[in-house]
Amino acid sequence: MMILMLTKSDVTNILDVIIKIIEDNRQYLTDLDAAIGDADHGINLDRGFKAVRDKMTQFLDKDIGTILKNVGMVLVSTVGGASGPLYGTFFMRMGNAVSGKSVLDENDIVAMFEAGLSGIKERGKAQFGDKTMIDAMEPALNELKKALSEGRNLKEAIGAAANAAYNGVLMTKDIAAKKGRASYLGERSIGHQDPGATSAYLMIKTVADYVDKLQQ
Amino acid sequence: MMILMLTKSDVTNILDVIIKIIEDNRQYLTDLDAAIGDADHGINLDRGFKAVRDKMTQFLDKDIGTILKNVGMVLVSTVGGASGPLYGTFFMRMGNAVSGKSVLDENDIVAMFEAGLSGIKERGKAQFGDKTMIDAMEPALNELKKALSEGRNLKEAIGAAANAAYNGVLMTKDIAAKKGRASYLGERSIGHQDPGATSAYLMIKTVADYVDKLQQ
Amino acid sequence: MVGIVIVSHSKKVADGLYELADQMTGGKIRIGKSGGTKDGRLGTNVDEIVEEIKKCESGDGVLVLVDLGSSVMSAQMALEFLDGEYAGKVEIADAPLVEGTIAASVEASIGSDILKVKEVAEAAKNLVKI
Amino acid sequence: MVGIVIVSHSKKVADGLYELADQMTGGKIRIGKSGGTKDGRLGTNVDEIVEEIKKCESGDGVLVLVDLGSSVMSAQMALEFLDGEYAGKVEIADAPLVEGTIAASVEASIGSDILKVKEVAEAAKNLVKI
Ligand SMILES: Nc1ncnc2c1ncn2[C@@H]1O[C@H](COP(=O)(O)OP(=O)(O)O)[C@@H](O)[C@H]1O
Ligand SMILES: Nc1ncnc2c1ncn2[C@@H]1O[C@H](COP(=O)(O)OP(=O)(O)O)[C@@H](O)[C@H]1O
Ligand SMILES: [Mg+2]
Ligand SMILES: [Mg+2]
Ligand SMILES: [Mg+2]
Ligand SMILES: [Mg+2]
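Chains as they are written, first to last, in my numbering: chain A, 5 to 220; chain B, 5 to 220; chain C, 7 to 136; chain D, 7 to 136.
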């Protein structure tokens, strides 16, 4: 049995696709934010990931950890909204968790996701159920760990994680925001899908689709 | 015995001198405000009284009450600082107190000063001893009433009022501000003379000097 | 919808805060602003406050938010200068300017009445930022 | 003297508030400001916050005042990005932006230490305007 690992070029390929996906969903994410926030989430992230694309060559020769840390730093510097410090911290902590590595195995992937998510929670002090990006990420992480512990392979596990993230996004429609700008609306935010949960899902789904196409 | 009355032209003459006195003391009042406020009291009042000068012809044909009300309105519209609503209210209330009149006797003068001062107190919710313009005005009004009730003539009474106002100004040096911007400094405002009390004194002194020169 | 009027000593603060509140409400409510004196100094402009309140009243009232001490007095004078038709329809919030304006604007945008909008603005005092 | 750094999502708000605070303190203290993103959108700029804190530190510490939710996170990231020499010298106030900045600036201008300046900024929450 072959074990699937992610190389440095897998990681940078995935980043390239994320940049593209965010660009494609710039308007969609912004429209979601218009309903319960300040109508800039897609603009913010697109600005941040375009900056990542522009700066990428400066750290492309580094290890995966350093690359991810730099991605995080660029996001922090350029996004401008809450998602800047949050995704910035996410990528920086992921980078720290796999510092020096040039390939990632299942354990690395779990460890980095775990580190990234706890970074977001520390930074924003939100919990699952507050109608934030955490509502997509936490179920995804839990599902990833569960699937792997049940012996499913990485492709299947990441696919399941993406499904869980999607369900998390749907759940955000049914709950009131407790953190972020949408919390000004309180109960009135019910019925609207959280933009940050949506962008988190889009990124996780990108990883899942990419991994799914890899030869095992 | 002749009784001194103030005519409409006395009132407008006094206003002309006040405009001049404020212009002359623009820097002085601003410097006082620099120490315990935002360095604009002289600028504010000069702007307001210059506007009064420019608009004066528009209401010069009216009775004293209307003239004073208009002066107040112009101050409210142009001063820009706390002294705008405060002196604005002062002049408007004075105008109301002598509405329709073309000469003012002692009773009118007391009544208008009283009305003006209570307007300031309502507007700014300050009391004697809070280190504001009231600290000059209230002793002046009390002295005016006392002197008149003791049978002294208007010249003497207004002169005594101006002295009382001056002592009030000096007193502001020894107390901490409880209202206005200087109150941010609390105890640290002690030692500094209040700009608004100073401008109030300058106006009362102008009236006293003018009345003193009138032929009885 | 309740209208919101921002009163600051600074035109820049009023203009910038207007943009922040407008971004959050996406044009759903009327937001007015008055900052600085007529001749461009730091200070307040009673006549402009009156005009902005009139522009922002669409029948449900207007909440006025102010910055420092004397802007309260200027707003109060503005209320006195308004004609009788505005009587009882305009309120001044005892709220922090930026935080109160954002909270009140969002609350107004969901159709709450003036008392509720004012309450939300004033509750912004208790906002815990950290 | 304690320095003050103003953080807003809006460059206009930061610039205008700077002018208000500077007028009240007459150049006695260092006041920094960061408003809007690098490319001029409404938002925060962590790198600029870092730079402004550095410019305003003269040995007695710096108090940072913020507007909305995410500016707190940006200010916190800025603190993490600062070198060790700034450790424990920079504080973020849980205070209303405009009211806290003015109160803190005046307090800093009379030479109070950072804890007192922060306390005064945070007490601006309880300011009764009306
Ligand atoms: N404290 C928080 N913790 C986690 N996620 C948050 C928090 N605050 C906001 N978010 C996420 O950020 C998203 C909004 O991002 P964005 O629009 O870019 O920032 P801003 O609200 O500053 O405009 C929200 O939809 C939510 O998912
Ligand atoms: N609430 C108040 N009641 C009475 N007088 C006040 C009040 N607040 C301020 N003042 C007076 O106004 C003066 C300051 O006027 P000015 O500098 O023109 O206004 P601002 O403080 O808005 O810059 C103070 O010196 C004080 O005498
Ligand atoms: Mg947003
Ligand atoms: Mg935003
Ligand atoms: Mg002043
Ligand atoms: Mg002023």
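All residues carry an ideal CB built from backbone N, CA and C; glycine is no exception. These numbers were taken from a predicted model, which means no experiment stands behind them.
query, result
"Gly46/A CB to nearest heavy atom of ligand 4 below 6 angstroms", "no"
"Identified DSSP bridge partners for Leu10/A", "Leu108/A"
"For Ala166/A and Leu221/A, the rounded distance between their alpha carbons", "There is no way to answer for residue 221/A, as the model of chain A reaches only from 5 to 220."
"DSSP-derived helix/strand/coil call for Ser103/B", "coil"
"Per-residue burial, Leu19/B [other beta carbons within 10 Å of its own, 16 or more giving buried]", "buried"
"Stretch-stretch touch, CB-based, cutoff 8 angstroms, three pairs: the region 24-44 of chain D with the region 124-133 of chain C", "no"
"Contact list for Asn48/B against chain C, beta-carbon separation under 9 angstroms", "Thr43, Arg47, Gly49"
"Buried versus exposed call for Met6/B [16 or more other C-beta atoms within 10 Å across all chains shown]", "exposed"
"Own chain residues within Cβ distance below 7 angstroms of Val80/B, not counting five before or after", "Gly88, Pro89, Gly92"
"Length of the line joining the Cα atoms of Thr176/A and Glu91/C", "44 angstroms"
"Pick from Ile71/A, Lys54/A, Asp109/A that is closest to Val83/A, judged by C-alpha positions", "Lys54/A"
"Contact test: Lys183/B Cβ vs ligand 2 heavy atom, cutoff 6 angstroms", "yes"
"Cα-Cα separation between Leu33/B and Leu33/A, rounded to whole angstroms", "55 angstroms"
"Best match in Val13/D, Val123/D, Leu85/D for proximity to Leu71/D [C-alpha to C-alpha]", "Val13/D"
"Stretch-stretch touch, CB-based, cutoff 8 angstroms, three pairs: the region 58-78 of chain B with the region 8-15 of chain B", "yes"
"Any non-hydrogen atom of ligand 1 closer than 6 angstroms to Ala180/A Cβ", "no"
"Under 8 angstroms by beta carbon: chain C residues contacting Pro89/B", "Val52, Ser76, Met79, Ser80, Gln82, Met83"
"Top-ranked residue by Cα proximity to Gly195/A, from Ile40/A, Ala140/A, Leu8/A, Gly76/A", "Ile40/A"
"Gly41/B: CB within 6 angstroms of a non-hydrogen atom of ligand 5", "yes"
"Whole-number beta carbon distance between Ile162/B and Val215/B, since they are thought to touch under 8 angstroms", "5 angstroms"
"CB contact check: Asp100/D to chain G, cutoff 7 angstroms", "The question asks about chain G, but that chain is absent: this structure's protein chains are A, B, C and D."
"Closer than 7 angstroms to chain C by CB, Gly22/D", "yes"
"Listed by chain order, chain D residues near Asp42/B by CB distance under 7 angstroms", "Gln29, Met30"
"DSSP bridge partner residues for Leu69/D (one or two, in chain order)", "Ile10/D, Glu97/D"
"Proximal residues, the region 109-129 of chain C versus chain A, C-beta separation under 7 angstroms", "Ala109, Val112, Ile116"
"Proximity to Arg51/B [Cα-Cα], best of Asp65/B, Gln62/B, Gly85/B", "Gly85/B"
"Candidates Ser115/C, Ser16/C, Gly22/C, of which the one nearest Val68/C by Cα", "Ser115/C"
"Cβ separation of Ala168/B and Asn146/B, assumed to be a contact under 8 angstroms, to the nearest whole Å", "7 angstroms"
"Environment of Ala213/D [buried if 16+ CB atoms lie within 10 Å]", "Nothing about residue 213/D can be read from this structure; chain D reaches only from 7 to 136."
"Chain C contact for Arg127/B (CB, 7 angstroms cutoff)", "yes"
"Chain-order list of residues whose beta-carbon lies under 7 angstroms from that of Ile108/C (same chain, five-residue window excluded)", "Leu26, Ala27, Met30"
"Which of helix, strand or coil DSSP assigns to Ser40/C", "strand"
"Three-way DSSP call (helix, strand, coil) for Gly67/A in this model", "In the sequence as displayed, the identity of residue 67/A is Asp instead of Gly. The answer is coil: DSSP assigns Asp67/A none of H, G, I, E or B."
"CB contact flag (Ala99/C, Lys135/C, <7 angstroms)", "no"
"Proximity of Val104/C and Val104/D at Cβ, strictly below 7 angstroms", "yes"
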